[in-house]
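A.B. asks:
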Amino acid sequence: MESLDIALAMMAAVGMSGALARMLPAGIPLPLIQIALGFVIAGVFEEGVELDPDVFFLLFLPPLLFLDGWRIPKEGLWREKGGIIQLSFGLVLLTVLGLGFILHWLIPAMPLAVAFAVAAIVSPTDPVAVSAITRKVPVPKRLMSVLEGESLFNDATGLVAFRTAVAAVVTGTFSISHAALSFIWVAAAGLATGVVVTWGLSRARTAVVRRVGEEPGAEVLLSLMVPFAAYFVAEYIGASGILAAVSAGVTMSYVELSGSSSALTRMHRQSTWNVVQFALNGTMFVLLGEQLPGIYTGAVEAIAETGHHNPLWLVVYALVICIVLGVFRFGWVYASVRFEGWRKRRRGIPFPEVGAGMMMVLTLGGVRGAITLAGVLTLPLALDDGTPFPARDLAILLAATVIITSLVLASALMPPVVKMLRHQSSGIKREQQEYLAVQTAREAAERALQEEVDRLTSEFPDAREQDLLSSVAERLLADIRAVSAVSELGLPDEWLAHEKRVEQRMRLAVIDAARQSIFALARQHKISDELAREMVARLDMEEVRNRH
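In our numbering, the protein residues as written are 76 to 623.
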């Protein structure tokens, strides 16, 4: 019964955290509030939560990685692919090897493979944590594209490296050549699996909808199943379920541009996934706070094995890790920017200047969060021979300390650095795209309105009906030309029932035409998928309001 009480308390803590974040002074990241609430829960209940690492990994990581892949803006992803690849693969490899050897040298009681596992799991960055910090002071679009793209792929590479290191600890065997070949296979097969599973489910869904119609509840449930289906299929064939979940999310974003789902389904799906994201992220940080007392006790015991009985050594180790991560990241960013600039200028390609401010944002943007936490909590409790996993509590505590430290440093230092940056060009580009989208959608809406008027004219030959059609059409046409965005096409609901039905039919035709034109622009890469998603969401809300 107490376990149910703890679960309810944790759910309440996650729900309260959002309100507390708005009540408390600005600048306190939401994850820190959730960790504090979890710590309070640990003090109230005598028994803690018992974690099953495998179940925890399965429940939390696939949907979070899937959502990252689904919602990340693809335009910036492809535009900044060079920097993203360097940070996602090169920096992760440097972090795993460099920090792994340093940790093993610093803490002899921690086996080298465990040190590599810790280094691997603290290498992924978290865009959700960065967003929580930069909500008040938005990061320039170009930099946010790099940070989001990096987090998407280094989540996957870091977790694959982490699981490889953990497997080496559990089995006691490791081969560099075998690990390299295994990584290539699991990565390629995992990415392909995510694409195939998502496209397959999408085609099956389309066939069913054409036959029996669309049910929003079933559609939302199907979207929730996609990351788990991709993960299970990939794991079954020996590929990376992690990368399968990521590629499934990326594929889902392109499937969405087909515009085959109804407005009601898209709205329900978006709302459901917003809740899932908030609940999973919040639960992980509350759970970390709840587990901290027990983790701290186990970590102190692990430190004692090195001959250091003062718990302050934990602080020393954590600071060393944070300093090493910061130095590695800044050094890699600096070298990458200089190399990329030299390479492009040598080929005569313009390369925008990247100043110290941008480099600092990229360095501070390496905030660790949900993925690091979810990964480290999946460390096995025991090896194959039944002996306890070496230095497990110490590894978890060090990773947790890195998360907290990176959040605090970024929340304190990033806003003033961001304020110093000038980023008018990014804003201008978005304004140009939005203008294109609005103008194109307006033209499509006007054409659709005229076509619908022509159809209704043949259906209602009576003179009074003709007057009604003219009145409604003129009013809608005036609104289309007057509003600043097609998503705000709306009029007071003051007419008789028949007039309402006629007006509703015209409105829905206008909204659908505008929406399809936005989908078309996104498919042609004339506007970003992020902007398309925002504008379609507004139109969807307008359609639902007119239908109900």
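In this text, a Cβ means the ideal position worked out from N, Cα and C, and glycines have one as well.
The structure presented is a predicted model; accordingly, all values stated were derived computationally and were not measured.
Give the straight-line distance between the Cα atoms of Y409 and M434, rounded to the nearest whole angstrom.
C.D. replies: If you number the sequence shown from 1, residue 409 lands on position 334. If you number the sequence shown from 1, residue 434 lands on position 359. Y409 and M434: Cα-Cα distance of roughly 7 Å.
A.B. asks: Could you have a look at A466 and say whether DSSP puts it in helix, strand or coil?
C.D. replies: Sequence index remark: in the sequence shown, residue 466 carries index 391 (1-based). Here A466 sits in coil by DSSP.
A.B. asks: Report back the beta-carbon spacing between M610 and I586 to the nearest angstrom; my notes put them in contact at under 8 Å.
C.D. replies: As a position in the sequence shown, residue 610 is number 535, starting the count at 1. As a position in the sequence shown, residue 586 is number 511, starting the count at 1. Not a contact, Cβ separation roughly 11 Å.
A.B. asks: Less than 7 Å between CB atoms is the rule here; does T532 satisfy it with respect to chain D?
C.D. replies: Protein chains in the displayed structure number just one, and chain D is not present.
A.B. asks: Pairs of beta-carbons, one from the segment 110-118 and one from the segment 364-374, closer than 8 Å: are there three or more?
C.D. replies: Yes, the segment 110-118 touches the segment 364-374.
A.B. asks: Determine the DSSP secondary structure at A519, reduced to helix, strand or coil.
C.D. replies: If you number the sequence shown from 1, residue 519 lands on position 444. Helix.
A.B. asks: Quick check: what's the CA-CA separation for A27 versus S337?
C.D. replies: Outside the displayed span of the chain (76 to 623) sits residue 27, for which this structure offers no information.
A.B. asks: Check A314 in the structure and name its three-state DSSP category.
C.D. replies: What you label residue 314 is simply residue 239 of the sequence shown in a count that begins at 1. Three-state result, A314: coil.
A.B. asks: The alpha helix (DSSP H) that contains Q109, what's its start and end?
C.D. replies: Along the sequence shown, one-based indexing puts residue 109 at 34. Note, Q109: alpha helix (DSSP H), 105-119.
A.B. asks: By how many angstroms is the C-alpha of W417 removed from the C-alpha of G423?
C.D. replies: Here residue 423 corresponds to residue number 348 of the sequence shown, with the count starting at 1. Here residue 417 corresponds to residue number 342 of the sequence shown, with the count starting at 1. Roughly 10 Å separates the two Cα atoms.
A.B. asks: Taking a contact to mean a Cβ-Cβ separation below 7 Å, would you say A231 touches L318 in this structure?
C.D. replies: Taking the first residue of the sequence shown as 1, we reach residue 231 at position 156. Taking the first residue of the sequence shown as 1, we reach residue 318 at position 243. Yes. Within cutoff.
A.B. asks: For S277 and I160, what's the separation of their Cα atoms in angstroms?
C.D. replies: Mapped onto the sequence shown, residue 277 falls at position 202. Mapped onto the sequence shown, residue 160 falls at position 85. Answer to the nearest angstrom: the Cα atoms are 29 Å apart.
A.B. asks: Contact between the segment 130-138 and the segment 448-458: three or more CB pairs below 8 Å?
C.D. replies: Yes, they touch.
A.B. asks: Once you ignore the five residues that flank Q352 on each side, which residues in its own chain have a CB closer than 6 Å to its CB?
C.D. replies: By 1-based counting over the sequence shown, the position of residue 352 is 277. If we look at Q352 and ignore the five residues flanking it on each side, its Cβ neighbours are L142.
A.B. asks: So A457 packs on P463, CB below 8 Å; how close in whole Å?
C.D. replies: As a first step, residue 457 is located in the sequence shown; it is residue number 382 there, counting from the start. As a first step, residue 463 is located in the sequence shown; it is residue number 388 there, counting from the start. Indeed, because the Cβ distance is near 6 Å, the residues count as touching under 8 Å.
A.B. asks: Would you kindly work out how many angstroms separate the C-alpha atoms of E305 and S335, rounded to a whole number?
C.D. replies: Working through the sequence shown from its first residue, we reach residue 305 at position 230. Working through the sequence shown from its first residue, we reach residue 335 at position 260. The displayed chain sequence assigns Ala, not Glu, to residue 305. Spanning the two alpha carbons is a distance of roughly 22 Å.
A.B. asks: Where does A457 sit, in a helix, a strand or coil, going by DSSP?
C.D. replies: For the purposes of this step, residue 457 is identified with residue 382 of the sequence shown, where counting begins at 1. A457 falls in the strand class under three-state DSSP.
A.B. asks: Go through its chain and collect everything with a Cβ distance to L174's Cβ below 6 Å, but skip five positions before and after it.
C.D. replies: In the sequence shown, the residue the question calls residue 174 occupies position 99. Answer for L174: A194, V399, listed in chain order.
A.B. asks: Quick check on DSSP: helix, strand or coil for Q599?
C.D. replies: Counting from 1 along the sequence shown, the entry for residue 599 is found at position 524. If DSSP states are grouped into helix, strand and coil, Q599 belongs with coil.
A.B. asks: What are the start and end residues of the alpha helix (DSSP H) that includes F191?
C.D. replies: Numbered from its first residue, the sequence shown carries residue 191 at position 116. Element bounds for F191: 187-196.
A.B. asks: So what's P368 in DSSP terms, helix, strand or just coil?
C.D. replies: Taking the first residue of the sequence shown as 1, we reach residue 368 at position 293. If DSSP states are grouped into helix, strand and coil, P368 belongs with the helices.
A.B. asks: Within 10 Å of its beta-carbon, does I259 have 16 or more other beta-carbons around it, so buried, or fewer, so exposed?
C.D. replies: Reading the sequence shown from its first residue, position 184 is the one you call residue 259. By the 10 Å Cβ count, I259 comes out exposed.
A.B. asks: Would you check if the distance between the CB atom of M489 and the CB atom of L439 is smaller than 7 Å?
C.D. replies: By 1-based counting over the sequence shown, the position of residue 489 is 414. By 1-based counting over the sequence shown, the position of residue 439 is 364. The answer is yes: Cβ separation under 7 Å.
A.B. asks: How long is the line joining the alpha carbons of A560 and G432, rounded to whole angstroms?
C.D. replies: Here residue 560 is taken as the residue at index 485 of the sequence shown, counted from 1. Here residue 432 is taken as the residue at index 357 of the sequence shown, counted from 1. Confidence at A560 is low in this model, with a pLDDT of 43, below 50, so the placement of that residue is unreliable and no value is reported for it.
A.B. asks: Helix, strand or coil: which one does DSSP assign to P199?
C.D. replies: As a first step, residue 199 is located in the sequence shown; it is residue number 124 there, counting from the start. In the structure shown, P199 sits in coil (DSSP, three-state: anything other than H, G, I, E or B).
A.B. asks: Relative to the C-alpha of H600, which candidate in G118, R238, G144, P148 has its C-alpha closest?
C.D. replies: Mapped onto the sequence shown, residue 600 falls at position 525. Of the candidates G118, R238, G144, P148, the one whose C-alpha sits nearest the C-alpha of H600 is P148.
A.B. asks: Taking 7 Å as the threshold (C-beta atoms), are M85 and V361 in contact?
C.D. replies: Against the sequence shown, residue 361 aligns to sequence position 286. Against the sequence shown, residue 85 aligns to sequence position 10. Taking 7 Å as the Cβ cut-off, V361 and M85 qualify as a contacting pair.
A.B. asks: Taking the alpha-carbon positions, what's the R530 to Q591 distance?
C.D. replies: Indexing the sequence shown from 1 puts residue 530 at position 455. Indexing the sequence shown from 1 puts residue 591 at position 516. Roughly 20 Å between the two C-alpha positions.
A.B. asks: Three-state secondary structure (DSSP) at D129?
C.D. replies: One-based indexing of the sequence shown puts residue 129 at position 54. Residue state, collapsed to three classes: helix.
A.B. asks: Looking at the structure shown, is R422 part of a helix, part of a strand, or coil, going by DSSP?
C.D. replies: The residue labelled residue 422 in the question sits at position 347 within the sequence shown. If DSSP states are grouped into helix, strand and coil, R422 belongs with coil.
A.B. asks: State the DSSP-derived secondary structure class of D615, mapped to helix, strand or coil.
C.D. replies: To locate residue 615, count along the sequence shown from 1; it is residue 540. Helix at D615.
A.B. asks: Using the Cα positions of L178 and N229, report the straight-line distance between them to the nearest angstrom.
C.D. replies: The residue given as residue 178 occupies position 103 in the sequence shown. The residue given as residue 229 occupies position 154 in the sequence shown. Approximately 21 Å between the Cα atoms of the pair.
A.B. asks: For a quick check, are the C-beta atoms of A519 and A589 less than 7 Å apart?
C.D. replies: For the purposes of this step, residue 519 is taken as residue 444 along the sequence shown, with counting starting at 1. For the purposes of this step, residue 589 is taken as residue 514 along the sequence shown, with counting starting at 1. Contact: yes.
A.B. asks: Do V261 and S322 have their C-beta atoms closer together than 7 Å?
C.D. replies: Mapped onto the sequence shown, residue 261 falls at position 186. Mapped onto the sequence shown, residue 322 falls at position 247. No, they are not a contact pair.
A.B. asks: Counting only the same chain and skipping the five closest in sequence on each side, list residues whose C-beta sits under 7 Å from that of F164.
C.D. replies: Residue mapping note: residue 164 aligns to position 89 of the sequence shown, counting from 1. If we look at F164 and ignore the five residues flanking it on each side, its Cβ neighbours are T232.
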